[in-house]
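As structure tokens, the structure follows; a few thoughts come after it.
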Amino acid sequence: MNQTYGIVAVSAAVVTTLVIGSAGLRISRTTSDFYVASRTVPPYLNAMAISGEYLSAASFLGIAGLVAAEGVDMLWFPVGYAAGYLVLLVFVAAPLRRSGAYTLPDFADARLESRAARRVASVLVVGVGWLYLLPQLQGAGLTLGLVTGAPRWLGGVLVAVVVTLAVAAGGMRSITFVQAFQYCLKLTALLVPAIFLVLAWHGDPRPADALDEPPTFRRHTQVTVETTVRIRIETPLRAVVTGAVDGQGYDGGRLLLDPGVHQVRAGTTLRFPPDSPVPGLESDDGRRTGASSWAAPLSGGKDDHPLYTTYGLIFATFLGTMGLPHVLVRFYTNPDGRAARRTTVIVLALVGGFYLLPPLYGLLGRIYAPDLLLTGTTDAAVLVLPERLVGGAGGDLLGALIAAGACAAFLSTASGLTLSVAGVLSQDVLPSLGVRHFRLATLLAVAVPVTVSVAAGNLPVANAVGLAFAVAASSFCPLLVLGIWWRGLTAPGAIAGLLTGGGSALVAVALTIAGPLTDGWAHTLLAWPAVWSVPLGFLTMILVSLATRHRIPAGTEAAMARLHLPERPAGQGAPTTRRGVTTS
Amino acid sequence: MGAPGTPRREVVTGTPRAARVDHAGRGSRAGRGDARPGAVRGSKERPAVESLALRALMRRQLRLGLVAFGLLVALLGPLPLVFTALPDTGARPGSALIVWAVLGVAVYPALVVLGRWYVVRAERNERDTADLAERA
Amino acid sequence: MNGFALLAAGAPLLFAGGLAAGRLVARRAAEGGTDPGTPVERATFHTLHTASLAAPPLRAGLTEDAARKAVRRLRPLFGAAALGLTDRDRPLAWDGPGRHHEDTVSDRVRQVLDTGRAQSFAVGCPDPDCPVRWGAAVPLTVDRRVLGALVVLGARESAALLRAAGEVARWVSVQLELAELDRARTGLIEAEIRALRAQISPHFIYNSLAAIASFVRTDPERARELLLEFADFTRYSFRRHGEFTTLAEELRSVEQFLELVRARFGQRLRVTLQIAPEVLPVTVPFLCLQPLVENAVKHGLEESVERSRIGITALDEGALARIVIEDNGVGMEPDRLRRILRGEGSPSSGIGLRNVDERLRQVYGDDHGLVIETGVGAGMKITIRVPKYRPGVHSTPPRTASGSA
Chain A
355 MNQTYGIVAV SAAVVTTLVI GSAGLRISRT TSDFYVASRT VPPYLNAMAI SGEYLSAASF
415 LGIAGLVAAE GVDMLWFPVG YAAGYLVLLV FVAAPLRRSG AYTLPDFADA RLESRAARRV
475 ASVLVVGVGW LYLLPQLQGA GLTLGLVTGA PRWLGGVLVA VVVTLAVAAG GMRSITFVQA
535 FQYCLKLTAL LVPAIFLVLA WHGDPRPADA LDEPPTFRRH TQVTVETTVR IRIETPLRAV
595 VTGAVDGQGY DGGRLLLDPG VHQVRAGTTL RFPPDSPVPG LESDDGRRTG ASSWAAPLSG
655 GKDDHPLYTT YGLIFATFLG TMGLPHVLVR FYTNPDGRAA RRTTVIVLAL VGGFYLLPPL
715 YGLLGRIYAP DLLLTGTTDA AVLVLPERLV GGAGGDLLGA LIAAGACAAF LSTASGLTLS
775 VAGVLSQDVL PSLGVRHFRL ATLLAVAVPV TVSVAAGNLP VANAVGLAFA VAASSFCPLL
835 VLGIWWRGLT APGAIAGLLT GGGSALVAVA LTIAGPLTDG WAHTLLAWPA VWSVPLGFLT
895 MILVSLATRH RIPAGTEAAM ARLHLPERPA GQGAPTTRRG VTTS
Chain B
808 MGAPGTPRRE VVTGTPRAAR VDHAGRGSRA GRGDARPGAV RGSKERPAVE SLALRALMRR
868 QLRLGLVAFG LLVALLGPLP LVFTALPDTG ARPGSALIVW AVLGVAVYPA LVVLGRWYVV
928 RAERNERDTA DLAERA
Chain C
2 MNGFALLAAG APLLFAGGLA AGRLVARRAA EGGTDPGTPV ERATFHTLHT ASLAAPPLRA
62 GLTEDAARKA VRRLRPLFGA AALGLTDRDR PLAWDGPGRH HEDTVSDRVR QVLDTGRAQS
122 FAVGCPDPDC PVRWGAAVPL TVDRRVLGAL VVLGARESAA LLRAAGEVAR WVSVQLELAE
182 LDRARTGLIE AEIRALRAQI SPHFIYNSLA AIASFVRTDP ERARELLLEF ADFTRYSFRR
242 HGEFTTLAEE LRSVEQFLEL VRARFGQRLR VTLQIAPEVL PVTVPFLCLQ PLVENAVKHG
302 LEESVERSRI GITALDEGAL ARIVIEDNGV GMEPDRLRRI LRGEGSPSSG IGLRNVDERL
362 RQVYGDDHGL VIETGVGAGM KITIRVPKYR PGVHSTPPRT ASGSA
């Protein structure tokens, strides 16, 4: 990959973001265009902003990588990411906007009139936000590492610094335009190269069947593994080796690898002849992991009970989207509940349209970049494909475009998350600091995930996106759905449900990552908690509310009217009599 | 503004309400925003008609939401089961193609259509309630 | 590794916390029924509970509806035959038998209302089954005004009953006093808004109409435009409902205001507007910007001859919206401004500033008052920080079936 192009593209993305962020206000100097300046954001623009904020590195790079490594099952990820908005639309969108709440704690406060419920929701928001920030920083590390050759941790730190500066210095004065731009950039960065890639694929004299199992190297391919890996070989395989295989050193020697499992030490370079099958990757504990990818919540469990894990994934993503803090704050920009609904449908279309592309990259990645399967960095598939398929200066340019898109992906999600986490921190968790200490809160909001991401190194923090979705689904989904549709919800019920639902999901995944269980049903259940933790959250909330029926908030009836009755048409008090006339 | 030579500005704020002598019987609740101005009037009981209209609207909207959600579940829920029941890709390459077509492409337009349908119905419900309220 | 160890340790804690919270709450719910307590405790609890049930209706003031609910809830306290509440003119509510003694009772009540003293009296009844033989009437007083009376009827004369009636009457009086305070407070907010409206009217209306008149011949189209602006502006400013509005609507009103000002001053006024669109739906107190803009206009134009620049900026700051209004006018001496904000200035100047400051502090707390940077000849910069959400602050009161027009 041409590093100059890459660096230029990434810098351009960052600079454009900052410029739009600081100058993207609607400015008017004559009173005649006051009207334009004071017009609320139309649904399509807000939908673009929401989509821009939502499509993270996991969507941009992760899905393609997963599909390349694991195949068609992984298509459930984008489907779930998109379908979550339908659930949000039918149960939450309009009433949430009408509640006037800006954040999830605000909603708990508005509906339950309880400071305690507000505080619990705040802590969970910060938790979910941090979990979601981790993979963004890791994605940044991967991309920048690939583009510039910098070490992995540096990318994450760099993004954190940029985001902190932009947010804390008030650089993001108008985030809607920034995020809408980011969506366009991301879509372009995948769409334009995709056209060229498909053309190149079509023009390939021998387009391999993508569904071949296992995939094969198409030409002489040299692979350097960064970490020590174990590979499984099904048929005898010839390779030229520089480094160490099975504890024996080679220096450019030919080697015939027998069927079975072999260990390849870090730094070893293997050169395979054309048409040889790609060896599979074997993880340390004997489970076959296709790739360590951030979009794969606990990929290890997949082989145990694929049906259950698929449903676990569906539960978490369908119900978790409504609990993502950075998504919900964007709904406040809508002028009313009706606009919130329309915005959500447009988001469905925009996000769905985007998700048509990553699987295509996954497919092509399996054919043209099979060496990534061996090194385990399939997440890079999107980034390397133009170079492999198109090549030359054109390939470099397309690669740079994709790098800029990836940069936009983690910048937009990271800045959105940082803003909402910092907002909650400054308002609810550290209220003693006062409202003016937003900058300190921003620093804290970024510092924690950066520290964990640097300290954790190669640990599977990648699973955090799935964890974030599962925690959000088991805590905030019951709170929102019951809060909006059930008059019987009480503050003690909501608190108990938030803690048991969200808490148990957190425990489950924490146990899977750090814990002793590696396979069997217990492991699978813990790795995919949403299937049982969401009902648990609902049940706790309902039962405790029923037990504390006398604590139903006094304002419930009024709150329900506010949530569900349509607003008066805007400006009813002052209908516009004149518009669009210029003076002076 | 801010040009050299302009006289200096000083920051002025009003006196905190807490520190002020309370001459109008107010200010007793003037802590850090624990006043809920709406609560004073919000405690009034709503007319029965309106409460009925609200309940009816909520029921209709909830039913609509559940129908839309049910359709989503009915469309996507059984898919994993169906896919496991499909013949092995090795034997019938066509079945993999079906999975790709359904999960990779067909799902998204279906989601948008379902969402659009929901929005139209939900807005109609709200209009009906508003009309009803106006006639009452 | 640390992060995950932390997670692993923290998650069970959360889980246990959730369970504990649930059980604690459930136990608290059960307490009412299981622990009987001593008879005294029980009696105290019973009395307090009854009183707390009767309080909310009374907080709406002495109306028929409130009196009916309160009487029904208070009667068990006496164990008396009947309990009634009256206001100055007529009986409001009656609970229990003895309606046929209304004439006797109303005579006595009139005396109580006139004298302001409690009375007990015997009730003669020809019906041998009538449980009413004796009665007492106690005045309800707020600020030494007698608002009404509480009437107890019983089977026999009882000093304890009379004393209880006195205590309950006093308690009801306190509730009524609180109700008046509530009303006074809402009234005060409305009065403050009214004061603002009153302040807008005379000068501004005269000047605007004069300016419009000057265009009628030379530029009738412009005059028509301005009249429509004027109509929109006054309709907004004098609207009846709501203590709050959205920033978008408030800015629209400012736009109309400035358009009318420009009709008078033309090119001498330059206005720059910088708005982050995501703060437009933010709920703000009704008429919180217009007085500040008017103030800027006054400092810039009416008190100086040079060109005046006014900047209005609204920015997104996470959970807050920051609104800045800056002018390059004559500014103000900081000490004089301080006095104005304390309410010690001359009544003619700066009522708008003080009024907005007051209302912001009242609604959002002291952290959210006006922050003004100024000096003599240094212009003025006013900053407001409005939280995007605050409990009870809603721009649109929910549409009501009766009040949708």
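The listed protein sequences derive, respectively, from chains A, B and C.
With positions in the first sequence counted from 1, the corresponding number in the working numbering is that position plus 354.
With positions in the second sequence counted from 1, the corresponding number in the working numbering is that position plus 807.
With positions in the third sequence counted from 1, the corresponding number in the working numbering is that position plus 1.
In this text, a Cβ means the ideal position worked out from N, Cα and C, and glycines have one as well.
All of these numbers come straight from a predicted model, not from anything done at the bench.
Query raised in the report: Any chance the CB of L488 of chain A is under 7 Å from a heavy atom of the ligand FMN?
Result: Among the components of this structure there are no ligands whatsoever, and the ligand FMN is therefore not found.
Query raised in the report: Between the segment 150–164 of chain C and the segment 82–95 of chain C, do at least 3 Cβ pairs fall closer than 8 Å?
Result: yes
Query raised in the report: Listing by chain order, which chain C residues have their CB less than 7 Å from the CB of E930 of chain B?
Result: Ordered by position in chain C, no residue passes the 7 Å Cβ test against E930 of chain B, which lies about 15 Å from the chain.
Query raised in the report: Can the beta-carbon of I213 of chain C be found closer than 8 Å to that of V272 of chain C?
Result: It is not a contact, given that the beta carbons lie outside the stated cut-off.
Query raised in the report: Quick one: what does DSSP say H791 of chain A is sitting in, helix, strand or coil?
Result: coil
Query - Nearest-angstrom Cα separation, counted from A437 of chain A out to L918 of chain B - result: 7 Å
Query raised in the report: Taking Cβ positions, are A71 of chain C and A55 of chain C nearer each other than 8 Å?
Result: yes
Query - Proximity of A534 of chain A and L372 of chain A at Cβ, strictly below 8 Å - result: no
Query raised in the report: What whole-angstrom Cβ distance do G155 of chain C and W172 of chain C have, given they're in contact under 8 Å?
Result: Contact doesn't hold; Cβ gap of about 19 Å is too wide.
Requested in this report: Could you list which residues in chain C have their beta carbon closer than 8 Å to that of E817 of chain B, in chain order?
Outcome: P335, E374, T375, G376
Query raised in the report: Is the CB-CB distance between A824 of chain A and S887 of chain A below 8 Å?
Result: yes
**Report entry** Neighbour list for V395 of chain A in chain C, Cβ cutoff strictly below 7 Å
**Finding:** P278, E279
Query raised in the report: What's the call for S858 of chain A, buried or exposed, on a 16-neighbour Cβ count within 10 Å?
Result: buried
Query raised in the report: So is A67 of chain C in contact with chain B if we call contact Cβ pairs under 8 Å?
Result: no
Query raised in the report: Taking the C-alpha atoms as reference points, what is the distance between W875 of chain A and W882 of chain A?
Result: 11 Å
**Report entry** beta strand (DSSP E) segments (min. 3 residues) lying fully within the segment 653–694 of chain A
**Finding:** none
Query raised in the report: I think L338 of chain C touches I373 of chain C, with their Cβ atoms under 8 Å apart; what is that distance to the nearest whole Å?
Result: 6 Å
**Report entry** Other residues of its chain near A850 of chain A: CB distance less than 6 Å, five sequence neighbours each side excluded
**Finding:** T894, V898
**Report entry** Contact set for G62 of chain C: own chain, Cβ-Cβ below 6 Å, skip 5 residues either direction
**Finding:** A180
Query raised in the report: Any Cβ of chain F within less than 8 Å of the Cβ of W839 of chain A?
Result: The question asks about chain F, but that chain is absent: this structure's protein chains are A, B and C.
Report task. State yes or no: is the beta carbon of P823 of chain B nearer than 8 Å to at least one beta carbon in chain C? Result -> A Cβ of chain C is located within less than 8 Å of the beta carbon of P823 of chain B.
Query raised in the report: Given L539 of chain A, which residues of its chain have a CB within under 7 Å of its CB, disregarding the five upstream and five downstream residues?
Result: A367, A758, G759, A762
Report task. Along the alpha helix (DSSP H) that carries V294 of chain C, what are the first and last residues, could you check? Result -> 291–298
Query raised in the report: By how many angstroms is the C-alpha of H369 of chain C removed from the C-alpha of E244 of chain C?
Result: 17 Å
Query raised in the report: The beta strand (DSSP E) spanning L488 of chain A covers which residue range?
Result: Segment 469–502 is the alpha helix (DSSP H) holding L488 of chain A; no beta strand (DSSP E) there.
Query - DSSP three-state assignment for G136 of chain C, whether helix, strand or coil - result: strand
Query raised in the report: Over what stretch of residues does the beta strand (DSSP E) that includes P286 of chain C continue unbroken?
Result: 284–286
Query - Separation of V387 of chain C from R100 of chain C, as counted between CA atoms - result: 57 Å
Query raised in the report: Under the rule that 16 or more other beta-carbon atoms within 10 Å means buried, what is Q357 of chain A, buried or exposed?
Result: exposed
Requested in this report: Taking only the alpha-carbon atoms, compute the straight-line gap between N296 of chain C and L354 of chain C and give it to the nearest angstrom.
Outcome: 8 Å
**Report entry** Three-state secondary structure (DSSP) of M865 of chain B
**Finding:** helix
Query - The alpha helix (DSSP H) enclosing L440 of chain A, as first and last residue numbers - result: 430–445
Requested in this report: Find the nearest neighbour of F830 of chain A within the set A:L682, A:H791, A:I404, A:H659, judged by alpha-carbon distance.
Outcome: A:L682
Query raised in the report: When the Cα atoms are used, what is the spatial distance from W839 of chain A to M402 of chain A?
Result: The alpha-carbon atoms of W839 of chain A and M402 of chain A are separated by roughly 28 Å.
Query raised in the report: From this set, A:L890, A:A862, A:V778, A:V802, which residue's C-alpha is nearest S828 of chain A's C-alpha?
Result: Residue A:L890 is the option with its Cα nearest to S828 of chain A.
Query - Beta-carbon proximity list for W507 of chain A, same chain, < 7 Å, skipping 5 on both sides - result: G495, V808
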